[in-house]
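Student: Mind having a look at this structure? Questions to follow.
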Amino acid sequence: MVKPLDYILTPGEAQQLTHFIAARGHQPTLLKSLSSEPTEHDEVPFKTDDDYALARVLPAVSRRTLRIFAFVFAATSVTENALTIALKRRWPTFKPASAMRLALFVASYSAVYRLSLRYLLVALPKLVARRYPRMRGASVSRDSERRTTKRSLYSRGMLRLLSSPYLPPALAGLLAGPTILLDASGQRRITVVLYALTRSIQAAYDGMIQSEWLPATLRERRLLWGGHILFALCNAQLLHAFVFHPDCFPKAYSDFILGHSKVYIPSKPAFLPPAASWPTPRETVNTIAKIASDKKPYPAFDSPLLHPEAGKSMLPADGRFDTVKPILDMLAHPGHTRLVSAILHPAEPSGWETFKAHMSAELPPSLRFMSILSGLGMLLRYKKVLRDPENAVYSFVTSTLGGSIFLSGAIGSAWASIDLFGKYLSPRTLPKERWYLQGFLAGLFVLFQRNRATDLAIYTARLSIQSAWQIAVKRRRVKPIPNGEAIYFALSTALLMALFEVKPKSIRSGLIQSLLTQIIGPSKAASKPQPEETEEGESDEGSQ
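Sequential numbering of the sequence shown, starting at 208, is according to the working numbering.
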């Protein structure tokens, strides 16, 4: 019989607590009456059909849900307060509402998924056996399919669908998906949805590779369809949004780009008084967007020093470009022939020399930034570092150098390509669309990060998807659905849970597997004993 304390502690844990209290000289009579007697199967529920009874399932699910809630609440509270101290340099005010809503969402997802899966694993085979009484078990063999040739195509399709091992976890993921609405609406909810979406697509792609459902050329993960090309494509969309739709671009990412573009975004000279006007970096980029969107894009530049009479009419009379006028009046070199170049690097007319100056100026801070990231990665993998310190040092050096070249080169080449296309393309040739190509070429610097290309591609894909959606809403090309992210989250987790339960090797990330194991329990395929020949075949297939 299930006791009230079983919903919080296992019988074994309750017995340990009883012994602890008794050792202190107290009589835990009430505790004994509220807990069940421990058995050797307390931690291994759901082994038979009888174990799927509600009275058997609820205590185990309740215990796991409460522990997930406590862990997520504590971890989120500590993380939010630590970030506030590190970024804002002040002691934070404890506000548990945000952490509590996230913990409630994760715990509710775990409970709904576990209960739904336990029910479906029993209900679906019974439904198949009742609808197709000649079947044995829940699997569909080729012989049984041949014996149903007289049935309609619809019946055979339903037979295969109901007997598929992917169906129960997929339906459970769909049912648990709307629990994301328990979290507060905002960027965090969107980030969770996009993360689940991209990870489910990646797992599906890896699963098709393992099952050899894709052509051999795609299974080899060649350069043209790997993480490199995906990163370059997403970077193309992001660069276009950064210039022409700053309100649909992540602000933190925008500040990072502008902060590492000091050679291309001229700062205010020291000799100017504080009251003198000077454009901010964002205003400079906005002016470039106006120049590219003008009826006469990318006009020529006539230096006021060489042509005083032309300088008066160098900018339009309506004043839409007057924001950058201080740059042109004080710093523009007479050798410039294009207005955009005079705005971006006014003191140096050569685009190649400016790019080299950018690399020499940005490589040192990029090296420091990447060394910190690589060092943190080594700390998280300290056991592996201790086992093979020589290889760890080599990986640290190559990762730091490759990452610094990637950061500096991607940002610098995006700006330098403005001069490149301005030299070889006419002003009216793809004035705004050329920024997609500029972003694509700049994204190819991810080749210096070959080991991280896939992770970087998935990260930029999340940013690109959100940015593209916001632009589509802004242009009224799509109509947003209130709380529509719950639909995408439910579909994404349905696919992800189906792959995790049936084919866990398709999820290559150890972190994702660990998180799913803690939230929804171990994978059924991983915990299911299999014949020795089958395991060898699967390992050979996975190694290929």
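All C-beta atoms in this analysis are idealised placements derived from N, C-alpha and C, irrespective of residue type, glycine included.
Suppose contacts are defined by Cβ-Cβ distances below 8 Å. Is Lys681 in contact with His452 by that definition?
Tutor: Yes, Cβ-Cβ distance for Lys681 and His452 is below 8 Å.
Student: What did DSSP end up calling Phe253 once you bin it into helix, strand or coil?
Tutor: The predicted model places Phe253 with a pLDDT of 43, which falls under 50 and marks its position as unreliable; any figure quoted below should be read in that light. Three-state result, Phe253: coil.
Student: Output yes or no for whether 8 Å exceeds the beta carbon distance between Phe449 and Thr667.
Tutor: In this structure, Thr667 does not lie closer than 8 Å to Phe449 by Cβ.
Student: For Arg343, which of helix, strand or coil comes out of DSSP?
Tutor: For Arg343, the pLDDT reaches just 46, beneath the cut-off of 50, and the residue's location in the model is therefore unreliable, although a value from the coordinates is still provided. Coil at Arg343, not helix or strand.
Student: Which residues in the same chain have their Cβ closer than 8 Å to the Cβ of Ser633, if we skip the five residues on either side of it in sequence?
Tutor: Cβ within range, chain order: n/a, list empty.
Student: Which residues mark the beginning and the end of the alpha helix (DSSP H) in which Ile464 is found?
Tutor: Counting along the chain, the alpha helix (DSSP H) containing Ile464 begins and ends at 458-466.
Student: Would DSSP call Ala539 helix, strand or coil?
Tutor: Looking at Ala539 - three-state DSSP - the assignment turns out to be coil, as it is neither helix nor strand.
Student: Quick one, which of Ile275, Leu273, Ala304 has its alpha-carbon nearest Glu287's?
Tutor: Among Ile275, Leu273, Ala304, the Cα nearest to that of Glu287 is on Ala304.
Student: State the CB to CB distance for the pair Ala758 and Ile387, rounded to an integer number of angstroms; the pair is presumed to be in contact (CB under 8 Å).
Tutor: A query on residue 758 cannot be resolved here, the shown segment of the chain reaching from 208 to 751 and no further.
Student: Are at least three pairs of beta-carbons, each pair with one atom in the segment 626-642 and one in the segment 495-513, less than 8 Å apart?
Tutor: Contact holds: three or more Cβ-Cβ distances are below 8 Å.
Student: Is it a yes or a no for the segment 414-421 touching the segment 715-725, going by three-plus beta-carbon pairs under 8 Å?
Tutor: They do not touch, by the three-pair rule.
Student: In whole angstroms, what separates the C-alpha of Phe652 from that of Gly616?
Tutor: For Phe652 and Gly616, the distance between alpha carbons rounds to 6 Å.
Student: Does the structure place the segment 363-383 close enough to the segment 700-714 that three or more beta carbon pairs sit under 8 Å?
Tutor: Yes: the two stretches touch, three or more of their Cβ pairs being nearer than 8 Å.
Student: I want to know whether the segment 393-407 touches the segment 597-613 - three or more CB-CB distances under 8 Å.
Tutor: No, they do not touch.
Student: Report the rounded CA-to-CA distance for Gly414 versus Leu290, giving the unit in angstroms.
Tutor: Whole-angstrom Cα-Cα distance: 37 Å.
Student: Going by CA-CA distance only, name the one from Thr217, Leu273, Val604, Phe562 that's closest to Met577.
Tutor: If we check each option's Cα against that of Met577, Val604 comes out closest.
Student: Taking the alpha carbon of Glu490 as the point to measure from, which residue in Ile534, Pro476, Asp509 has its own alpha carbon closest?
Tutor: Out of Ile534, Pro476, Asp509, Ile534 has the C-alpha closest to the C-alpha of Glu490.
Student: Can you check which of these residues, Trp485, Thr607, Arg363, is closest to Ile550 by C-alpha distance?
Tutor: Measuring from the Cα of Ile550, the nearest candidate turns out to be Trp485.
Student: Look at the Cβ atom of Val400, then the Cβ atom of Tyr695, and state whether they are nearer than 8 Å.
Tutor: Cβ atoms of Val400 and Tyr695: closer than 8 Å.
Student: Just tell me which of Gln444, Gly434, Asp536, Thr494 has its CA closest to the CA of Pro476.
Tutor: Checking every option, the nearest Cα to that of Pro476 belongs to Asp536.
Student: Looking at Leu465 and the ligand GTP, is the gap between the Cβ and the nearest heavy atom below 7 Å?
Tutor: Of ligands this structure carries none, so the ligand GTP is not represented either.
Student: Considering Cα atoms alone, identify which of Arg338, Ala336, Ile275, Leu331 is closest to Leu309.
Tutor: Leu309 has its Cα closest to that of Ile275, out of Arg338, Ala336, Ile275, Leu331.
Student: Would the beta-carbon of Phe647 fall within 8 Å of that of Leu440?
Tutor: Their beta carbons are under 8 Å apart, which means Phe647 touches Leu440 by this criterion.
Student: Could you give the distance in angstroms between the alpha-carbon of Leu216 and the alpha-carbon of His226?
Tutor: So the alpha carbons of these two residues sit roughly 14 Å apart.
Student: Taking the alpha-carbon of Thr300 as reference, which of Val285, Ala314, Leu311 has the nearest alpha-carbon?
Tutor: Ranking Val285, Ala314, Leu311 by Cα distance to Thr300 puts Val285 first.
Student: Can you give me the Cβ contacts of Ala306 inside the same chain, cut-off strictly under 7 Å, excluding the 5 residues immediately before and after it?
Tutor: Same-chain partners within the cutoff: Phe280, Thr283, Ser284, Glu287.
Student: According to DSSP, is Arg270 helix, strand or coil?
Tutor: Of the three classes helix, strand and coil, the one that applies to Arg270 here is helix, per DSSP.
Student: Taking the Cβ atom as the reference point for each residue, do Ser317 and Arg271 lie within a distance shorter than 8 Å?
Tutor: A contact, by the Cβ cut-off of 8 Å.
Student: Just to confirm my understanding: we take Ser581, look at its own chain, exclude 5 residues before and 5 after, and list those with CB closer than 6 Å. What are they?
Tutor: Same-chain partners within the cutoff: Phe603, Ser606, Thr607.
Student: Roughly how many angstroms separate the alpha carbons of Pro689 and Ser392, rounded to a whole number?
Tutor: Looking at the two C-alpha atoms, the distance is approximately 10 Å.
Student: Give me whichever residues DSSP pairs with Ala507 in a beta bridge.
Tutor: Note: Ala507 sits in a beta bridge opposite Arg545.
Student: Any idea if Arg367 is buried or exposed, counting beta-carbon neighbours within 10 angstroms, 16 or more meaning buried?
Tutor: When all chains shown are included, Arg367 counts as exposed.
Student: Hey, how far is the Cα of Asp529 from the Cα of Tyr471?
Tutor: Each residue's Cα considered, the two are about 19 Å apart.
Student: I need the straight-line Cα distance from Ala482 to Arg395, nearest angstrom please.
Tutor: Those two C-alpha atoms are separated by around 40 Å.
Student: Ile625: buried (16+ other C-beta within 10 angstroms of its C-beta) or exposed?
Tutor: It is buried - the Cβ of Ile625 has at least 16 other Cβ atoms within 10 Å.
Student: Could you give the distance in angstroms between the alpha-carbon of Asp662 and the alpha-carbon of Tyr460?
Tutor: Distance between the alpha carbons of Asp662 and Tyr460: 17 Å.
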